[in-house]
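Asker: Just passing along the structure, written as structure tokens.
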Amino acid sequence: VILKDITEKKRALDIIMHHYYYDSLSVSHFPEDALEKVIIIKVKVENMTGKESL
115 VILKDITEKK RALDIIMHHY YYDSLSVSHF PEDALEKVII IKVKVENMTG KESL
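Okay, structure coming up:
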């Protein structure tokens with residue numbers, strides 16, 4: 115699913131940026147026209163397999 119709503123895009127980018135940049139960096143200061151050019155793809159994971167970490 116491609117996110118088109120600016121609010122959903124901001125939320126998704128905030129989650130990604132918080133994961134990689136632990137400080138208070140946020141997309142809230144980015145211009146909306148820049149966010150409109152960003153494409154965010156939402157992937158729904160239905161199942162996952164792998165080795166359990168010990």
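Counting along the sequence shown from 1, when you hit position 21 you're at 135 in the numbering used here, and nothing is skipped either side. Note that beta-carbon positions come from the ideal geometry of N, C-alpha and C, so glycine has one too. From a predicted model like this one, the values you see are computed outputs, not experimental measurements.
CB residue 127 to CB residue 156, shorter than 7 Å?
Answerer: Translated into the one-based positions of the sequence shown, residue 127 becomes position 13. Translated into the one-based positions of the sequence shown, residue 156 becomes position 42. Contact: no.
Asker: Do residue 141 and residue 124 have their C-beta atoms within less than 7 Å of each other?
Answerer: Along the sequence shown, one-based indexing puts residue 141 at 27. Along the sequence shown, one-based indexing puts residue 124 at 10. In this structure, residue 124 lies closer than 7 Å to residue 141 by Cβ.
Asker: What three-state label does DSSP hand residue 168 in the structure shown?
Answerer: The count along the sequence shown starts at 1 and reaches residue 168 at position 54. Three-state DSSP puts residue 168 in coil, outside helix and strand.
Asker: Can you grab the Cα-Cα spacing for the pair residue 119 / residue 143, in whole Å?
Answerer: Mapped onto the sequence shown, residue 119 falls at position 5. Mapped onto the sequence shown, residue 143 falls at position 29. Distance between the alpha carbons of residue 119 and residue 143 is about 17 Å.
Asker: Please state whether DSSP places residue 116 in a helix, a strand or coil.
Answerer: Taking the sequence shown and counting its residues from 1, one reaches residue 116 at position 2. Residue 116: strand per DSSP, three-state reduction.
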